[in-house]
Every structure is written in structure tokens, then in C-alpha cells.
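Written out below as C-alpha cells is the structure these notes cover.
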Amino acid sequence: STADGAPTTLKRSGSDFSATIFARLLNAARVTMWKNTDGVFTADPRRVPEAFTIASLKYDEAMELAYFGAQVLHPSAMVPCIDANIPVYVRNIFNPAFEGTVIQGRSRTLAEGDAL
């Protein structure tokens, strides 16, 4: 509900966010997001025919892609799984044999003294 108690509905990707919240609460081993796409792509395959599925992403990479317009996931959907390190699988409901994309772990950050 809203702050004043009025009923409201889940926004875009609300079911994804709900799934990751429940996964965290239930200490799930993994979350699978069933979509109508083969996973997270390098670009929008409707606009870029050469786009391909990304097999593996880190949580922060997936959140950044979502923030900048990737429609397959909402940025906040990753948040409940990050601290619990619960892998999120993005799979295609119409192509269940395809492995899709797994999102897990964090990108390594540079410590003081590290060189690029």
C-alpha cells in the first residue's frame, strides 16, 4: 500500500522483485526468472540482429544493464539476493532446454595499491 494506506499494485518487474524477496526469506539455493527471452542479451535482439545471450553476469553488472535500459530485469530485483549470494537464473519459458543467463557474485573491486 501507499504511505497513506491506499492499495497499490506491483510495478514493472514486481513479480521478479517478489521472487527474489521470497528467495532471500526462504534461504533458497537459487531463483529462476522465467521470461520470453533466452536470457540477458548483449543488446536488444529486435534492434541488433547480432546480439547474443550473455552466459554469466555479476550482480552489479546485471543491475547496471537494467538501470541503463535492459528490459529483462528491474535493477532492484537483484538486491535481495546479493548479500545472501543467491544465484539468479534468467531462462526462456518457451525454450527451457537453453541455459540462459546466470547472475551471481560481485565484480572484483580494486584495492589500494592494485594496478590496472
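In this text, residue positions in the sequence shown follow the working numbering: the first is 2, and each later residue adds one.
Quick reminder that beta carbons are idealized off the backbone N, C-alpha and C, glycines included.
Since the model is a prediction, treat every value here as computed from it, not as a measurement.
Span of the beta strand (DSSP E), counted from its first residue to its last, around residue i
i	result
residue 79	No beta strand (DSSP E) holds residue 79; DSSP gives it neither H nor E.
residue 102	102-104
residue 33	32-36
residue 93	89-93
First and last residue of the uninterrupted alpha helix (DSSP H) at residue i
i	result
residue 22	15-26
Neighbourhood of residue i by C-beta distance below 7 Å, restricted to the same chain and skipping five residues each side
i	result
residue 87	24, 25, 29, 31, 32
residue 78	14, 17, 18, 21
Counterpart residues of residue i in DSSP-defined beta bridges
i	result
residue 58	104
Cβ neighbours of residue i in the same chain (closer than 6 Å, five flanking residues each side left out)
i	result
residue 117	With a pLDDT of 49 at residue 117, under the threshold of 50, the modelled position of that residue is not reliable, and the figure given next carries that caveat. Excluding sequence neighbours, residue 117 sits near nothing in its chain.
Close beta carbons around residue i, own chain, < 8 Å, minus the five adjacent residues each side
i	result
residue 55	40, 41, 42, 43, 102
Supposed close pair residue i, residue j - CB separation, criterion 8 Å
i	j	result
residue 91	residue 36	6 Å
Does the structure place the region 23-35 close enough to the region 57-66 that three or more beta carbon pairs sit under 8 Å? no
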